[in-house]
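Working notes for the structure below.
In mature numbering (1 follows the signal peptide of the UniProt record, and there is no 0), the protein residues as written are -21 to -1, 1 to 594.
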């Protein structure tokens, strides 16, 4: 009887030892052999795991073991460069406690992974808010794991759009002429409300279950690649959500910026390079939180920076990404974000990353692009290949409502934007757009005026840089931002079972939707097939009578673009444009399909656009 009791007690003690000490999380969850980033920092998390000693197998070289003031964490840095693909065991030991073991896997890297080619000026990018695009799997509209449940009646609620809905409608994007998809973030966001935008992330190694699974995200990339299309992840380096599991149990006090506690950003990004800025203003821009529910990450902390670098690389390698769009890029610690960007580009030399630098001056935007002549003034190089052309967007929100020519109104705004291209290191690597998920809807700003959309879309499809289209603009979708962000993030018609009509099919579109779609498709598909609009040089002429004329050209082809923003039709004297027309006597107008004679004059209708392939 005593022997049985002794064995029972021993069994209970062993069981207690196992349950009291275990690894709850290991990040990254796995890695790959033969990576350029050989020093790998593995984070182990579990109750009091930092009080244990760490060892591994003989072939695993542990370079560093970092313990912090929080005993629930230990960061183990290994040299993975000489390790073959396979499983490796880590042992955590403590006197008087049972050893804990954890297996870490190094996977075989896909052939050619490092040489993947990112998006560039040959692409046309389509931006979606996944919760508002299409609901392919109603079963995941809500999740027991997540606080907020689906409620399509709420403008700021979750509506149920998901990864399956995107996969189901890739043919629509292909028909439109789209070659790359940018989705706003898809990682877990466990905020109690307004979680649909997913910029307040709660787990950055996991797709939000209301969108699908990590495997679904990888499947989206695979399906896009089958169609010769690319996938761009919206990555957030500046902040996480207050519901992030690490925010609830910080590894170090300075994992996030503390004041102590919360202080809001002043949003004045100019303090990053203002030679006269006060340290207080600088700190409140860079270290201040974007909102009270988005703690600001401290990229100057090496543990944080390594974590973000590895997480970004993990998603590229795991899911087969072709690019990043980085949210609030210029709010980050500028030295830290430069190191983050360089580490990714070192791993994938032909990858592409575009940063959100929401500024209203070309020099200030240029500062953040790789090899910027402006950044060089302060010996700063962000290593960021691409930036967003917000100054062109600014011009587009007003110039088509200015039909009367003047010194600084109307099409001169477009001309002046391109005049300042000398400030950029790489004008081909600018993202050009009419609007996105944070701006006013173009078709709302211009009260559904198709001719103004035609002028703007012709420009977006034919100027230097990579065009980006916001979902629904191509069917004339509207929405007043003054009524809340949800108004510019409405559900795409036909994305939900029971919708009255669907804009995903030609037969389902209304007459107005078809008009918008056909124009957009014609422009983007022509651009897709003509390298001259992708990488050709640009020649522009001063607007006259609010008519803007420019050319894209290379050694083989020339395209003439005419945008008449005048309230009346205009007749152009073509002798003024002989530098661009050269020896061509005719051309095909792509939008109408008509042949245009280029002898002495050219008539252009009021508030209209022409895209002419010279012959």
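Glycine residues also receive a C-beta, built at the ideal position from the N, C-alpha and C atoms.
Looking only at 148, 59, 32, 193, the smallest Cα-Cα distance to residue 44 is reached by 32. In the assembly as shown, residue 94 is an exposed residue. Its beta-carbon has fewer than 16 other beta-carbons within 10 Å. Membership of residue 332 in any alpha helix (DSSP H) is not indicated; the residue belongs instead to the beta strand (DSSP E) covering 332 to 334. In the three-state DSSP reduction, residue 81 falls in the strand class (E or B). Excluding the 5 residues flanking it on each side, residue 120 has same chain C-beta neighbours closer than 6 Å at 129, 139, in chain order.
The beta carbon of residue 467 lies closer than 6 Å to those of 420, 458, 460 in the same chain, with the five residues before and after it left out. Residues of the same chain with a CB within less than 6 Å of the CB of residue 101, apart from the 5 flanking positions on each side, are 513 in chain order. If you draw a 10 Å sphere on the C-beta of residue 227, you find fewer than 16 other C-beta atoms in it, and that means exposed.
Collapsing the DSSP output to three states places residue 220 in coil. By the C-beta density criterion, residue 109 is buried, having at least 16 other C-beta atoms within 10 angstroms.
Contact between the segment 505 to 524 and the segment 171 to 182 is absent, with fewer than three C-beta pairs closer than 8 Å. Put simply, of 444, 483, 216 the residue whose alpha carbon is nearest the alpha carbon of residue 287 is 216. In the DSSP assignment, residue 281 falls within the unbroken alpha helix (DSSP H) covering 281 to 298. Short of 6 Å from the beta carbon of residue 520, and not among the five residues preceding or following it, lie these beta carbons of its own chain, in chain order: 528. Taking 8 Å as the cut-off, the beta carbon of residue 518 is found no closer than this to the beta carbon of residue 563. Within 10 angstroms of the beta-carbon of residue 365 lie 16 or more other beta-carbons, which makes it buried. In this structure residue 349 is buried. Its beta-carbon is surrounded by 16 or more other beta-carbon atoms within 10 angstroms. Under DSSP, residue 213 forms a beta bridge with 304.
For the pair residue 362 and residue 324, the CB atoms are nearer than the 8 Å cut-off. Per the coordinates, the alpha-carbon of residue 472 lies some 36 Å from the alpha-carbon of residue 391.
Note that the segment 445 to 452 touches the segment 415 to 429; at least 3 beta-carbon pairs, one per stretch, sit closer than 8 Å. Between residue 376 and the set 385, 389, 367, 383, the nearest pair of CA atoms involves 389. Under the three-state reduction of DSSP, residue 393 is assigned to helix. When the beta-carbon positions are compared, residue 269 and residue 260 stay at least 8 Å from each other.
A Cβ-Cβ contact shorter than 8 Å links residue 498 with residue 436. Distance from the CA atom of residue 13 to the CA atom of residue 487, rounded to whole angstroms, is 50 Å. A straight-line Cα-Cα distance of about 29 Å links residue 574 and residue 151. The segment 47 to 61 and the segment 222 to 242 touch, with three or more beta-carbon pairs separated by less than 8 Å. Closest in C-alpha terms to residue 504, from the list 157, 408, 290, comes 157.
As far as DSSP is concerned, residue 424 takes part in no beta bridge. The C-beta distance from residue 585 to residue 547 rounds to 5 Å, short enough to fall under 8 Å. Residue 107 places its beta carbon less than 8 Å from that of residue 162.
When only Cα atoms are considered, residue 556 and residue 20 end up about 60 Å apart. Per DSSP, residue 20 lies in no alpha helix (DSSP H); the unbroken beta strand (DSSP E) holding it starts and ends at 18 to 24. Around the beta-carbon of residue 332, 16 or more other beta-carbon atoms lie within 10 Å, marking it buried. In the DSSP assignment, residue 566 falls within the beta strand (DSSP E) that extends over 565 to 568.
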